[in-house]
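Report on the following structure.
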Amino acid sequence: MEEILKKIESEYGTPVYVYFEKEIKNRIKNVKEIFEGINLIPTFALKANNNPALIKIMYESGFGADIVTVGEYKGAEIAGVPKEKIVWNGNGKSKEDMKFLKDKIKYVNIDSFEEMELWKNIKTENIEFFLRVNPDVDAKTHPHISTGLKKNKFGIPAVKLEEFMNKYNDNRIKGIHFHIGSQITEISPFIDAFKIGLEISKKYNFKKINIGGGWGINYDGKEINLNEYKEKVIPILKYYDEVILELGRYIMGPSGILLLNITRVKQGIDKVFVVTNGGMNLLIRPVLYNAYHEPVFLNPTGKKAKIDIVGPLCESGDKLLWDKELPIPEENSLVYFKNAGAYGFSMSNNYNSTLKPAEVLITENEEIKLIRKRESYEDLYKNIIL
Ligand code: LLP
1169 MEEILKKIES EYGTPVYVYF EKEIKNRIKN VKEIFEGINL IPTFALKANN NPALIKIMYE
1229 SGFGADIVTV GEYKGAEIAG VPKEKIVWNG NGKSKEDMKF LKDKIKYVNI DSFEEMELWK
1289 NIKTENIEFF LRVNPDVDAK THPHISTGLK KNKFGIPAVK LEEFMNKYND NRIKGIHFHI
1349 GSQITEISPF IDAFKIGLEI SKKYNFKKIN IGGGWGINYD GKEINLNEYK EKVIPILKYY
1409 DEVILELGRY IMGPSGILLL NITRVKQGID KVFVVTNGGM NLLIRPVLYN AYHEPVFLNP
1469 TGKKAKIDIV GPLCESGDKL LWDKELPIPE ENSLVYFKNA GAYGFSMSNN YNSTLKPAEV
1529 LITENEEIKL IRKRESYEDL YKNIIL
C-alpha cells in the first residue's frame, strides 16, 4: 500500500482520492450473495460518489443508478447506464426536471401528494411509480442522516397511504419505496419498516418494492451485520417479484481513501496540530456529522501526543480529527483517511478558492489510473464575467 501511494503522489500529487476496484467488486459480490433467490435490481446511489469511471465499473457488474438530480443523471449517462436501470429520487423534483427526465429513466419514487398532483398532468411512457412511505421508524443513526421519522421531510406518511391510494387511482403506481436513513448498523429498523411495507403491499397487491440503501460501514467499530440481515430481513422480501436496492456507502465507503500531505507539524499549548493540505473542503464528514475517519500516517515518529489533524482553511472548524492520542508524524510526509470513498469527493467544495482534488483508481491488476484531473485555477474562474 505504502509503495503505491508514494507512486500516486509522485505522479499526480496530493490531495487525491484513491479508489480500489477490487474492493468495489468484492462488495458487489457480497450484495448479490445476500439477495440470492430474490429478483434484485441493484442500483448505486450516485450522491455517494459521482465519478462515471466508477459508476461504469458498477454498471458492468450489474448495478444501475439511483439519481436525485439532472447532474447525477448526466453522470449515469456518461457511464453508459441504460434507462431501465435508473431510479429517480427526491422530495423537490421540479416540473422542468420531470419533463426532462421522464423518458430517460424507468423508476420514480414519489415523495408526496403534492408531487403526484404534478405527475397527473405529465404523460409518461413505461415509467413505474413507487410511493416513498415514511413509516415513522427510528433508524438509530445520526439525526442529519435519519429519514424515516415523521419529523423528517421525506415520504408519504404510512398513516396517509390509504388516503393517497383513494385519491390517485393511477395505474403507473407499481410499488412502494423505503429509505429510512443512512449508516444504519442495527437490523431491527429495517425489519420494522419492511413489515409495515408488507402489510401495505398485500392490501394493494403491490409485488414490487424499493428498499433504499442505508447499510452502515465500519468507521469506528460498529457496522451492519449482513448475516443477520440475510437471516431476518431477506425472508420478508421473498413475497416480492422485484426488489430494487439503492446502496451508496456500503459499496464505495471502504473502497476509497483520501491521501494528503502534511504541510506542518505545529506544537500547541496542550496538543500538536498536524496541518494537512486539505481539510473540510475535501472531507466534510468529521465536522458535519462528528464522523470518525481513521488516519494512517506513512511516517510516524516514535513520539506520541494528543493530536488534532487540521486543514489549511481559515476557520477553526476546519479539522479532520481532534483530541486523539497518536504518534506524531514527520513533516512533509503522507497521511491517508480510511472509508472516504462515499460522501467524500461528492461533498467536497471550493471554500477558500481551493481546488477540487484529483481522483485515481487502482485497478484489479494494480495499475494506477487517473479518473479525474485535479481542478485548475482556470476551472475555478471559468464562469466569471468582468
Ligand atoms: N436512497 C435514498 C433515497 C437516499 O436518500 C440515500 C442516501 C441512499 C439511497 C443511499 O444511502 P446509503 O446506502 O449511502 O446509506 N452525506 C451523508 C449521507 C447522506 C445520505 C443521504 N441519502 C454522510 O456523509 O453520511
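In terms of our numbering, the sequence shown opens at residue 1169 and continues consecutively. Glycine included, each C-beta is placed from N, C-alpha and C at the ideal position. Note that the structure is predicted; figures quoted are calculated from it, not measured.
Looking only at its own chain, which residues have a Cβ that is under 7 Å from the Cβ of residue i, when we skip the five neighbours before and after it?
{"i": "Arg1540", "result": "Asn1219, Ala1526 and Glu1527"}
{"i": "Glu1252", "result": "Lys1274"}
{"i": "Gly1323", "result": "Asp1279, Arg1300, Val1301 and Asn1302"}
{"i": "Thr1211", "result": "Phe1231, Gly1232, Ala1233, Asp1234, Lys1253, Val1255, Ile1412, Leu1413 and Glu1414"}
{"i": "Arg1432", "result": "Val1443 and Glu1499"}
{"i": "Lys1400", "result": "Ile1355 and Ile1359"}
{"i": "Ala1459", "result": "Tyr1387 and Arg1453"}
{"i": "Lys1318", "result": "Asn1302, Asp1304 and Pro1325"}
{"i": "Ala1561", "result": "Absent from the structure is residue 1561, since the part of the chain shown begins at 1169 and ends at 1554."}
{"i": "Glu1191", "result": "Pro1422 and Ser1423"}
{"i": "Ile1344", "result": "Phe1298, Leu1299, Val1301, Gly1365, Ile1368, Ser1369, Phe1374 and Ile1377"}
For residue i, I'd like the list of residues in its chain whose CB is within less than 6 Å of its CB, leaving aside the five on either flank, ordered along the chain.
{"i": "Ile1452", "result": "Met1515"}
{"i": "Gly1384", "result": "Gln1351, Ile1352, Thr1353, Glu1391 and Ile1392"}
{"i": "Gly1382", "result": "Gly1349, Ser1350 and Ile1352"}
{"i": "Ile1543", "result": "According to the sequence provided, residue 1543 is Glu. The question's Ile does not apply to it. The residues are Leu1523 and Lys1524."}
{"i": "Glu1410", "result": "Asn1207 and Lys1376"}
{"i": "Gly1258", "result": "Val1236"}
{"i": "Gly1380", "result": "Phe1346, His1347 and Glu1414"}
{"i": "Tyr1504", "result": "Ile1425, Leu1427 and Val1464"}
{"i": "Ile1209", "result": "Ile1412"}
{"i": "Lys1328", "result": "none"}
What residues are listed by DSSP as bridge partners for residue i?
{"i": "Val1117", "result": "In the structure as shown, the chain begins at 1169 and stops at 1554. Residue 1117 is therefore absent and cannot be evaluated."}
{"i": "Val1440", "result": "Gln1435 and Ile1475"}
{"i": "Asn1302", "result": "Pro1325"}
{"i": "Asn1277", "result": "Phe1298"}
{"i": "Glu1493", "result": "Lys1474"}
{"i": "Lys1487", "result": "Val1478"}
{"i": "Phe1332", "result": "Note: Phe1332 sits in no beta bridge, so no partner."}
{"i": "Val1464", "result": "Tyr1504"}
{"i": "Ile1430", "result": "Thr1444"}
Assuming the contact rule is C-beta atoms closer than 8 Å, residue i and residue j should be a hit. Round their C-beta distance to whole Å, please.
{"i": "Asn1449", "j": "Thr1522", "result": "5 Å"}
{"i": "Leu1489", "j": "Leu1427", "result": "Not quite, the Cβ-Cβ distance comes to about 15 Å (not below 8 Å), so this is no contact."}
{"i": "Leu1529", "j": "Glu1189", "result": "6 Å"}
{"i": "Asn1507", "j": "Pro1403", "result": "Incorrect: roughly 30 Å between the Cβ atoms, too far for contact."}
{"i": "Asn1445", "j": "Thr1182", "result": "6 Å"}
{"i": "Gly1447", "j": "Val1478", "result": "6 Å"}
{"i": "Lys1472", "j": "Glu1493", "result": "6 Å"}
{"i": "Tyr1408", "j": "Ile1377", "result": "5 Å"}
{"i": "Glu1160", "j": "Lys1261", "result": "This structure gives no information on residue 1160, because the portion of the chain shown stretches from 1169 to 1554."}
{"i": "Pro1357", "j": "Ala1307", "result": "5 Å"}
{"i": "Lys1342", "j": "Glu1296", "result": "4 Å"}
{"i": "Asn1320", "j": "Phe1298", "result": "Not a contact, Cβ separation roughly 18 Å."}
{"i": "Ala1247", "j": "Tyr1227", "result": "6 Å"}
{"i": "Ala1244", "j": "Ile1225", "result": "Ala1244 to Ile1225, Cβ: 13 Å. No contact."}
{"i": "Asn1518", "j": "Leu1548", "result": "7 Å"}
Tell me which residues share the same chain as residue i and place their Cβ nearer than 8 Å to its Cβ, disregarding the 5 neighbours each side in the sequence.
{"i": "Cys1482", "result": "Asn1520"}
{"i": "Lys1398", "result": "Ile1202"}
{"i": "Lys1175", "result": "Ile1536"}
{"i": "Lys1487", "result": "Gly1447, Met1448, Pro1454, Val1455, Asp1476, Ile1477, Val1478 and Gly1479"}
{"i": "Thr1531", "result": "Glu1189 and Lys1537"}
{"i": "Glu1177", "result": "Val1184, Leu1427, Asn1429 and Leu1502"}
{"i": "Thr1469", "result": "Pro1495, Ile1496, Pro1497 and Glu1498"}
What ranges does the beta strand (DSSP E) occupy inside the stretch 1216-1272, keeping only unbroken runs of at least 3 residues that lie completely in it? 1232-1235 and 1254-1256
Give a yes or no on contact between the stretch 1193-1209 and the stretch 1354-1367, applying the rule of three or more CB pairs nearer than 8 Å. no
Please confirm if the stretch 1325-1335 is in contact with the stretch 1264-1271, defined as three or more CB-CB distances below 8 Å between the two stretches. no
If we count Cβ pairs, one from each stretch, closer than 8 Å, do we get three or more for the stretch 1308-1318 versus the stretch 1289-1296? no
Counting Cβ pairs closer than 8 Å, one from the stretch 1431-1447 and one from the stretch 1236-1255, do we hit at least three? no
Kindly provide the ranges of any alpha helix (DSSP H) runs that are 4 or more residues long and lie completely inside the stretch 1501-1549, ordered along the chain. 1545-1549
Complete beta strand (DSSP E) runs within the stretch 1170-1214 (minimum length 3 residues, chain order): 1184-1188 and 1208-1213
Enumerate, from N- to C-terminal direction, the unbroken alpha helix (DSSP H) stretches of 4 or more residues contained entirely within the stretch 1341-1420. 1356-1372, 1394-1400, 1402-1405 and 1417-1420
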